[in-house]
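Residue numbers for the sequence shown follow our numbering, beginning at 46 and rising by one.
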Amino acid sequence: MSSETAKIILNGNEYELPVVEGSEGEKAIDISKLRALSGYITLDPGYKNTGSTTSAITFLDGEEGILHYRGYPIEQLAEKASFLEVSYLLLHGDLPNTQQLAESEGNIRYHTLVHEDMKRFFEFFP
């Protein structure tokens, strides 16, 4: 969280709101307490200037056509990383090295096995 603040003056009353910094360095004014403090709400038609949440995983700028996962452009991940590598990135914050990827693939295989009793159960369905 940034130590910056933004001041809003409404009907002569001053309200100090925190400035937060996103994963790509973009700054925003946290207005989540504005209504409780002042009774005012904000209006942003089409939510063009409103972030809905904070995320260390995803950065999205629809106007510029930018989508990053953990700082990596989606185009780069789509071209150079496998589905399991991207899954690892999303869960752990970094792309896996060779050993981490092998362990992760082993865990996925282990946890996706279907028990023989379940296989037989499904054989009774058309």
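The beta carbon of each residue, even a glycine, is placed where N, CA and C say it ideally should be. None of the values given here were measured: they were computed from a predicted structure.
>> With the cut-off set at 7 Å, would you say Gly96 and Ala73 are in Cβ contact?
In response: Reading the sequence shown from its first residue, position 51 is the one you call residue 96. Reading the sequence shown from its first residue, position 28 is the one you call residue 73. Cβ distance < 7 Å, so Gly96 and Ala73 count as in contact.
> Contact between the segment 117-124 and the segment 90-109: three or more CB pairs below 8 Å?
Replying inline: no
>> Give me, in chain order, the residues of the same chain whose beta-carbon lies closer than 6 Å to that of Glu49; leave out the 5 immediate sequence neighbours on both sides.
In response: On the sequence shown, residue 49 is found 4 positions in, with the first residue counted as 1. The residues are Val64.
> Would you call the CB atoms of Gly138 and Arg115 closer than 7 Å?
Replying inline: For the purposes of this step, residue 138 is taken as residue 93 along the sequence shown, with counting starting at 1. For the purposes of this step, residue 115 is taken as residue 70 along the sequence shown, with counting starting at 1. A contact, by the Cβ cut-off of 7 Å.
>> Just list the residues that DSSP pairs Leu135 with in beta bridges.
In response: Taking the first residue of the sequence shown as position 1, residue 135 is located at position 90. Its beta-bridge partners do not exist; DSSP assigns none.
>> Just list the residues that DSSP pairs Asp106 with in beta bridges.
In response: As a working mapping, residue 106 is identified with position 61 in the sequence shown. In the DSSP output, where bridge partners are listed per residue, Asp106 has Ile111.
> Around the C-beta of Tyr155, are 16 or more other C-beta atoms found within 10 angstroms, so that it is buried, or is it exposed?
Replying inline: On the sequence shown, position 110 is the one that residue 155 refers to. Classification for Tyr155: exposed.
> Is DSSP giving Leu62 helix, strand or coil here?
Replying inline: The count along the sequence shown starts at 1 and reaches residue 62 at position 17. The answer is strand: DSSP assigns Leu62 an E or B state.
>> Measuring only the C-alpha atoms, how far is Ile76 from Asn94?
In response: Indexing the sequence shown from 1 puts residue 76 at position 31. Indexing the sequence shown from 1 puts residue 94 at position 49. Answer to the nearest angstrom: the Cα atoms are 12 Å apart.
> Taking all protein chains shown into account, do 16 or more other C-beta atoms lie within 10 angstroms of the C-beta of Leu134, making it buried, or fewer, making it exposed?
Replying inline: As a first step, residue 134 is located in the sequence shown; it is residue number 89 there, counting from the start. By the neighbour-count rule (16 or more Cβ atoms within 10 Å), Leu134 is buried.
> If you draw a straight line from the C-alpha of Leu108 to the C-alpha of Tyr92, how long is it?
Replying inline: Locating residue 108 in the sequence shown gives position 63, counting from the first residue. Locating residue 92 in the sequence shown gives position 47, counting from the first residue. One point to set straight first is that residue 108 is Glu, not Leu, in the sequence displayed. Each residue's Cα considered, the two are about 12 Å apart.
>> Considering Cα atoms alone, identify which of Ser68, Lys78, Gly70 and Asn56 is closest to Leu62.
In response: Taking the sequence shown and counting its residues from 1, the one referred to as residue 62 is at position 17. It is Lys78.
>> Given this structure, state the Cα-to-Cα distance separating Ile86 from Gly70, to the nearest angstrom.
In response: Within the sequence shown, the letter at position 41 stands for residue 86. Within the sequence shown, the letter at position 25 stands for residue 70. About 26 Å.
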